[in-house]
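If you count the sequence shown from 1, position 249 lands on 421 in the numbering used here, and the numbers rise without skipping.
See structure below.
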Amino acid sequence: MTRILTNITVILFSLQTLWAQNYDESKVLPYKLPELLQTQAREKVTTIKEWEKIRRPEILKLFEDNIYGQVPKDFDQIKFELKKEDKTAMGGKATLKEVGITVSRNRKSVTINLVMFVPNKVKKPVPIFLVINNRGIRTMDATRERKDGFWPAEEVIDAGYGIAGFDVKDAAPDNKTAYVKGVLELYPEQLKINNGMGVLSAWAWGASRAIDYLEKDKAVDAKKIMTVGHSRGGKASLWCGAQDKRVVIAISNDSGESGAAISRRNFGETIKDILRTFPYWFCKNYHQYIDNEDKLPVDQHMLLALIAPRGVYVGNAAEDLWADPKGQYLSLVCAQPVYGLYGFETDLPAEMPAVNERVFRSHMGFHNREGKHNMTPYDWQQFIAFANNYFQKNAN
Ligand code: GTR
């Protein structure tokens with residue numbers, strides 16, 4: 173009986189959320205984005221130096237203090253353990269490595285388990301995609317008996333890239349109460365402050381520790397490490413790319429609210445919706461902006477701008493209106509002035525490209541594929557094409 177009642181409550185609650193949602197473009201209210209190129213002291217930013225020395229650190233701190241919480245950098249020790257290596261994986265075309273990355277601080281430790289494949293028939297170290305994986309270890313089967321389009325390792329290897337990934341739960345379980353069991357055990361003081369590490373910060377931290385390993389692996393080109401994430405993982409991928417300058421391209425897929433989508437646009441998921449279900453993803457201060465987006469000192473275009481002068485990619489699915497593909501496209505368009513400071517291409521069309529038509533510029537890319545919320549081989553084909561284009565245009 174209680175179960176039935178609970179189920180009814182959940183259904184009513186979901187229906188209420190659905191009804192309350194705006195999916196009508198004509199009902200999008202006008203909004204004003206915070207100034208990207210103006211410092212808190214109201215000085216205009218016109219040079220790379222002013223951006224890098226003043227405005228960029230200001231914006232980074234605003235995201236930390238108001239949305240995601242801190243990403244602590246200090247720890248006592250990091251150890252890499254090669255748990256398994258198979259040079260004959262995928263019928264001989266790739267090498268599999270399974271690496272335990274153990275980080276300790278204050279006598280507590282956490283282990284991030286990395287699964288990776290690198291192609292064998294290559295002369296140089298390879299660029300690699302690092303997936304912040306919210307779909308579980310089963311999507312990254314090391315034996316390759318089970319293949320999953322979410323992590324299409326064979327296709328990535330055939331394209332000449334490496335692919336790696338870790339299950340986000342190694343860094344922080346995706347659960348309202350259990351999220352503290354992981355990285356947060358190393359940094360318990362973070363739980364006591366209003367701008368303390370939320371789960372997205374813990375996942376971004378995990379990705380940075382994976383990069384600590386990848387930088388040391390001779391098979392990997394340390395200057396060509398890309399983060400990839402879907403949805404909540406996409407939010408973490410962008411946040412990681414915003415802070416960790418070793419990420420050469422930050423790729424997000426269907427990242428939506430508090431990812432690539434403009435929060436001030438009342439379309440699809442809102443801050444109120446996301447905090448209702450996932451308060452533990454963010455720092456406590458984010459609650460101030462429920463139904464109060466205009467007070468946010470940043471918006472998500474500024475997160476994308478933090479990734480400059482490196483590459484940023486925003487993938488979408490046309491039926492995933494909850495994640496507001498148009499709001500994600502506008503975010504890219506509005507991040508362009510920072511790319512302009514570096515003299516890069518800033519001529520993204522004002523209108524979002526048609527479904528299945530991608531748009532690539534030297535440092536920014538976007539697509540909106542037909543279909544539903546998911547990360548598919550089609551999305552991966554676009555990531556690979558964008559990476560090919562990026563490395564060709566920005567050869568070092
Ligand atoms: C939804 C959440 C989105 C997105 C998604 C996912 O329920 O509201 O922001 O993160 O989950 O990760 O699949």
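Backbone N, C-alpha and C define an ideal beta-carbon position, used for all residues, glycine too.
Inset, instruction - Run the proximity test for residue 403: is its beta-carbon closer than 7 Å to any non-hydrogen atom belonging to the ligand GTR? - result: Taking the first residue of the sequence shown as 1, we reach residue 403 at position 231. True, at least one ligand heavy atom lies under 7 Å from that Cβ.
Inset, instruction - My understanding is that residue 299 touches residue 393, with C-beta atoms under 8 Å, so please give their C-beta distance in whole angstroms. - result: The residue you call residue 299 lines up with position 127 of the sequence shown. The residue you call residue 393 lines up with position 221 of the sequence shown. Right, the Cβ-Cβ distance comes to about 5 Å (below 8 Å), so this counts as a contact.
Inset, instruction - May I ask you to check if the CB of residue 306 is nearer than 7 Å to at least one heavy atom of the ligand GTR? - result: By one-based count along the sequence shown, residue 306 stands at place 134. The answer is yes for residue 306.
Legend entry - Sequence-distant residues of its chain with Cβ nearer than 6 Å to residue 375 (five each side left out): Here residue 375 corresponds to residue number 203 of the sequence shown, with the count starting at 1. Around residue 375: 304, 340, 343, 408.
Inset, instruction - Measure the Cβ-Cβ separation of residue 247 and residue 217 and say whether it is below 8 Å. - result: Position 75 of the sequence shown, counting from 1, holds the residue named residue 247. Position 45 of the sequence shown, counting from 1, holds the residue named residue 217. Not closer than 8 Å, so no.
Inset, instruction - Might you give, ordered along the chain, the residues of its own chain that have their beta carbon closer than 6 Å to the beta carbon of residue 381, omitting 5 neighbours on each side? - result: Within the sequence shown, the letter at position 209 stands for residue 381. Hits under 6 Å: 273, 275, 284.
Legend entry - Cβ neighbours of residue 572 in the same chain (closer than 6 Å, five flanking residues each side left out): This structure cannot speak to residue 572, because the chain is shown only from 173 to 568.
Legend entry - heavy atom of the ligand SAM below 7 Å from residue 365 C-beta: The ligand SAM is not among the ligands present in this structure, which contains only the ligand GTR.
Inset, instruction - Would you mind stating whether residue 220 and residue 302 have Cβ atoms separated by less than 8 Å? - result: Translated into the one-based positions of the sequence shown, residue 220 becomes position 48. Translated into the one-based positions of the sequence shown, residue 302 becomes position 130. It is not a contact, given that the beta carbons lie outside the stated cut-off.
Inset, instruction - Please name the residue or residues paired with residue 291 in a DSSP beta bridge. - result: Translated into positions along the sequence shown, residue 291 becomes position 119. Answer by DSSP bridge pairing, in chain order: 266.
Inset, instruction - Identify which residue in 210, 326, 269, 357 has its Cα closest to the Cα of residue 280. - result: The count along the sequence shown starts at 1 and reaches residue 280 at position 108. Taking only the C-alpha atoms, the option nearest residue 280 is 357.
Legend entry - 8 Å contact criterion, which residue 266 and residue 329 should meet: CB distance rounded: Your numbering for residue 266 matches position 94 in the sequence shown. Your numbering for residue 329 matches position 157 in the sequence shown. That pair is a contact at about 5 Å.
Inset, instruction - With hydrogens ignored, establish whether the beta-carbon of residue 121 is closer than 7 Å to any heavy atom of the ligand GTR. - result: Outside the displayed range of the chain (173 to 568) lies residue 121, so it cannot be described from this structure.
Legend entry - Whole runs of the alpha helix (DSSP H) within the region 193–242, excluding any shorter than 4 residues: 228–235
Inset, instruction - Quick one: which unbroken alpha helix (DSSP H) runs of 4-plus residues sit fully inside the region 450–532? Chain order, please. - result: 472–479, 497–513
Inset, instruction - Below 8 Å on the Cβ atoms is my guess for residue 488 versus residue 495; work out the distance and round it to an integer in Å. - result: As a position in the sequence shown, residue 488 is number 316, starting the count at 1. As a position in the sequence shown, residue 495 is number 323, starting the count at 1. Contact flag correct, Cβ pair sits at about 7 Å.
Inset, instruction - Take the Cβ of residue 405 as the centre, count every other Cβ of all protein chains shown within 10 Å, and call the residue buried at 16 or more, exposed below. - result: In the sequence shown, the residue the question calls residue 405 occupies position 233. The residue in question, residue 405, is buried, as its Cβ has 16 or more Cβ neighbours within 10 Å.
Inset, instruction - Could you round the C-beta distance between residue 397 and residue 419 to whole angstroms and report it? I think they count as a contact, below 8 Å. - result: Taking the first residue of the sequence shown as 1, we reach residue 397 at position 225. Taking the first residue of the sequence shown as 1, we reach residue 419 at position 247. That pair is a contact at about 6 Å.
Legend entry - Candidates 238, 196, 529, 524: closest to residue 365 by CA position: As a working mapping, residue 365 is identified with position 193 in the sequence shown. Nearest of 238, 196, 529, 524 to residue 365, Cα basis: 238.
Inset, instruction - Can you grab the Cα-Cα spacing for the pair residue 421 / residue 427, in whole Å? - result: The residue you call residue 421 lines up with position 249 of the sequence shown. The residue you call residue 427 lines up with position 255 of the sequence shown. Their backbone Cα atoms lie some 15 Å apart in a straight line.
Inset, instruction - Confirm the yes/no value for this check: CB of residue 542, any heavy atom of the ligand GTR, distance under 7 Å. - result: Indexing the sequence shown from 1 puts residue 542 at position 370. No.
Inset, instruction - Go through its chain and collect everything with a Cβ distance to residue 493's Cβ below 8 Å, but skip five positions before and after it. - result: Against the sequence shown, residue 493 aligns to sequence position 321. These residues qualify, in order along the chain: 195, 439, 440.
Legend entry - Separation of residue 510 from residue 457, as counted between CA atoms: Residue numbering aside, residue 457 sits at position 285 when the sequence shown is read from its first letter. Residue numbering aside, residue 510 sits at position 338 when the sequence shown is read from its first letter. Spanning the two alpha carbons is a distance of roughly 27 Å.
Legend entry - Which listed residue (475, 413, 446) has its alpha carbon closest to that of residue 461: On the sequence shown, residue 461 is found 289 positions in, with the first residue counted as 1. The shortest C-alpha separation from residue 461 is found at 446.
Legend entry - Nearest-angstrom Cα separation, counted from residue 530 out to residue 523: Indexing the sequence shown from 1 puts residue 523 at position 351. Indexing the sequence shown from 1 puts residue 530 at position 358. Cα to Cα, the separation comes out at about 12 Å.
Legend entry - Cβ-Cβ distance between residue 337 and residue 455 below 8 Å: Sequence index remark: in the sequence shown, residue 337 carries index 165 (1-based). Sequence index remark: in the sequence shown, residue 455 carries index 283 (1-based). No, the Cβ-Cβ distance between residue 337 and residue 455 is not below 8 Å.
Inset, instruction - Using three-state DSSP, classify residue 373 as helix, strand or coil. - result: If you number the sequence shown from 1, residue 373 lands on position 201. Looking at residue 373 - three-state DSSP - the assignment turns out to be helix.
Inset, instruction - Output the boundary residues of the beta strand (DSSP E) element that contains residue 352. - result: Numbered from 1 along the sequence shown, position 180 holds the residue referred to as residue 352. Note, residue 352: premise wrong, no beta strand (DSSP E); not H, not E.
Inset, instruction - For residue 230, I'd like the list of residues in its chain whose CB is within less than 6 Å of its CB, leaving aside the five on either flank, ordered along the chain. - result: Translated into the one-based positions of the sequence shown, residue 230 becomes position 58. Taken in chain order, the residues that qualify are 212.
Legend entry - 8 Å contact criterion, which residue 472 and residue 486 should meet: CB distance rounded: In the sequence shown, the residue the question calls residue 472 occupies position 300. In the sequence shown, the residue the question calls residue 486 occupies position 314. About 10 Å; that fails the 8 Å criterion.
Inset, instruction - Give me the Cα-Cα distance between residue 377 and residue 388, rounded to the nearest whole angstrom. - result: For the purposes of this step, residue 377 is taken as residue 205 along the sequence shown, with counting starting at 1. For the purposes of this step, residue 388 is taken as residue 216 along the sequence shown, with counting starting at 1. Using only the alpha carbons, I get a separation of about 17 Å.
Inset, instruction - Whole angstroms is fine: what's the gap from residue 363's alpha carbon to residue 379's? - result: Along the sequence shown, read from residue 1 onward, the residue named residue 363 stands at position 191. Along the sequence shown, read from residue 1 onward, the residue named residue 379 stands at position 207. Cα-Cα distance, rounded: 20 Å.
Legend entry - residue 538, enclosing beta strand (DSSP E) - first and last residue: For the purposes of this step, residue 538 is taken as the residue at position 366 of the sequence shown. Residues 536–541.
Inset, instruction - Can you tell me which of the three DSSP states residue 361 falls into? - result: Within the sequence shown, the letter at position 189 stands for residue 361. Note: residue 361 maps to helix in three-state DSSP.
Legend entry - Proximal residues to residue 251 (C-beta, below 6 Å), its chain only, five neighbours per side dropped: The residue labelled residue 251 in the question sits at position 79 within the sequence shown. Same-chain partners within the cutoff: 274.
Legend entry - Distance cut-off 7 Å: residue 462 Cβ against heavy atoms of the ligand GTR: Residue mapping note: residue 462 aligns to position 290 of the sequence shown, counting from 1. Residue 462 Cβ: outside cutoff for every heavy atom of the ligand GTR.
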